[in-house]
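In the numbering used here, the protein residues as written are 664 to 961.
Written out as structure tokens, the structure reads:
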């Protein structure tokens, strides 16, 4: 009687296991500085690194997925989860999400393209890291020479040591930490921007209605900072030893600064501030239409 009961339980468990997804365990050879492209409509993508000249793909394929496609050579590998056509742009079909766990050589170039999947990348130190997402959350940590992170509504959290860093979103928030000298560009429409960085050669911040705050350890000699918002609040913090010419202006927003003198326009609500810090060999230009602008020297 007991064995019959156990058999029934086992039979019931079979479709549940299938529904939970098909395990993935695939390995492909890849040069240490090769390229890995990953596409997944929905679910998650996790990327980690090791010192082997190969790519390992693990995780699970969601129920209803057509197949996992792995193509390429030792110089470039492409990984794609093939969903049925009824999933549409935002993955609202009947197939279940897929979870990919991909391990790549540390110096590999990595390109991730998702729609509603979360992305978590750590340890990459290749020529380039690119992540493109619609609504999933993006986390990236590593030392790629160049990084490009883009999302529509998902949050982006990045801790990167890159010579060039470009992060953009429409409504998702951006939280970026960079510790090495380089160029950083941050852009959003309504999402907030929060930046903590080391020595900056070039910083560009653009926002429409989202607030933006940048805390910098230093501006490199001859470096430049450009910040612009429409109605969002803009704050930039720098050391008191900064050397740069400063130009701040607003159409109707307030200006607050620990240095220089704020001048009010005699014919309108606008304000401006022009001053020089140290030898003035760098340049800081901050502008807003109706948002407030603040410059802090500490």
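Glycine included, every Cβ here is placed at the ideal spot set by N, Cα and C.
Small disclaimer: the values here were computed from a predicted structure and weren't measured.
(request) Please state whether DSSP places residue 748 in a helix, a strand or coil. (result) helix
(request) Check the C-beta distance from residue 825 over to residue 807 and give it rounded, since I have them as a contact under 8 Å. (result) Yes, they are in contact, since the Cβ atoms of residue 825 and residue 807 sit about 6 Å apart, within 8 Å.
(message) Whole angstroms are fine: how far does the CA of residue 867 sit from the CA of residue 746?
(response) 38 Å
(request) Could you say if the segment 885-900 and the segment 927-941 meet the contact criterion of at least three C-beta pairs nearer than 8 Å? (result) No: fewer than three Cβ pairs fall under 8 Å.
(request) Mind checking which residues open and close the beta strand (DSSP E) that includes residue 881? (result) 875-892
(message) Only counting the same chain, and skipping five residues up and downstream in sequence, which positions put a Cβ closer than 6 Å to that of residue 937?
(response) Counting only Cβ-Cβ distances below 6 Å, and skipping sequence neighbours, we find 910.
(message) Using the Cβ count rule (16 or more neighbours within 10 Å means buried), how would you classify residue 760?
(response) buried
(request) Determine the closest residue to residue 702 out of 724, 857, 686 and 690, with distance taken between C-alpha atoms. (result) 724
(request) For residue 818, count neighbouring C-beta atoms within 10 Å of its own C-beta (all shown protein chains included) and say buried if the count is 16 or more, exposed if not. (result) Residue 818 comes out buried.
(request) Apply the 10 Å Cβ neighbour rule to residue 943 and answer buried if 16 or more other Cβ atoms are within range, or exposed otherwise. (result) Exposed, because fewer than 16 other Cβ atoms sit within 10 Å of the Cβ of residue 943.
(message) Assuming the contact rule is C-beta atoms closer than 8 Å, residue 728 and residue 744 should be a hit. Round their C-beta distance to whole Å, please.
(response) Contact between residue 728 and residue 744 holds: their C-beta atoms lie close to 6 Å from each other, under 8 Å.
(request) Can you tell me which of the three DSSP states residue 786 falls into? (result) strand
(request) Go ahead and pull the three-state DSSP assignment for residue 840. (result) strand
(message) Taking 6 Å as the limit between beta carbons, can you name the residues of its chain near residue 709, skipping five residues before and five after?
(response) The answer, listed in chain order, is 764 and 783.
(message) Can you find the residues in the same chain that come closer than 6 Å, C-beta to C-beta, to residue 877, ignoring five residues on each side of it along the sequence?
(response) 858 and 899
(request) Could you check the C-alpha separation between residue 711 and residue 809 for me, to the nearest Å? (result) 18 Å
(request) Return the chain-ordered list of same chain residues with a C-beta closer than 6 Å to the C-beta of residue 941, the five sequence neighbours on each side being excluded. (result) 906
(request) Return the chain-ordered list of same chain residues with a C-beta closer than 8 Å to the C-beta of residue 675, the five sequence neighbours on each side being excluded. (result) Note on residue 675: pLDDT 34, under 50, position unreliable in the model; no value is reported.
(message) Less than 8 Å between C-beta atoms, sequence neighbours within five positions excluded: which residues of the same chain meet that for residue 953?
(response) If you ignore the 5 residues before and after residue 953, its C-beta comes within less than 8 Å of the C-beta of 893, 894, 913, 914, 915 and 916, all in its own chain and listed in chain order.
(request) Whole angstroms is fine: what's the gap from residue 698's alpha carbon to residue 738's? (result) Residue 698 and residue 738: Cα-Cα distance of roughly 6 Å.
(message) According to DSSP, simplified to helix, strand and coil, what is residue 812?
(response) strand
(request) Determine which residues share a DSSP beta bridge with residue 686 and list them. (result) 723
(request) Could you tell me if residue 706 is buried or exposed, where buried requires 16 or more neighbouring beta carbons within 10 angstroms of its beta carbon? (result) Taking all protein chains shown into account, residue 706 has 16 or more neighbouring C-beta atoms within 10 Å of its C-beta and is therefore buried.
(message) For residue 799 and residue 779, which I take to be in contact (beta-carbon distance under 8 Å), what is that distance rounded to the nearest angstrom?
(response) 6 Å
(request) Leaving out five residues on either side along the sequence, give the residues of the same chain with a beta carbon under 6 Å from the beta carbon of residue 948. (result) Close CB contacts of residue 948 within its chain, under the 6 Å cut and outside five residues either way in sequence, are with 889 and 910 (chain order).
(request) Let me know the secondary structure DSSP gives residue 694 once reduced to three states. (result) coil
(request) Taking residue 765 as part of the beta strand (DSSP E), name the residues at either end of that continuous run. (result) 761-768
(message) Can you look up residue 824 in the DSSP assignment and give me helix, strand or coil?
(response) coil
(request) Quick one: give me the first and last residue of the beta strand (DSSP E) that residue 803 is part of. (result) 801-805
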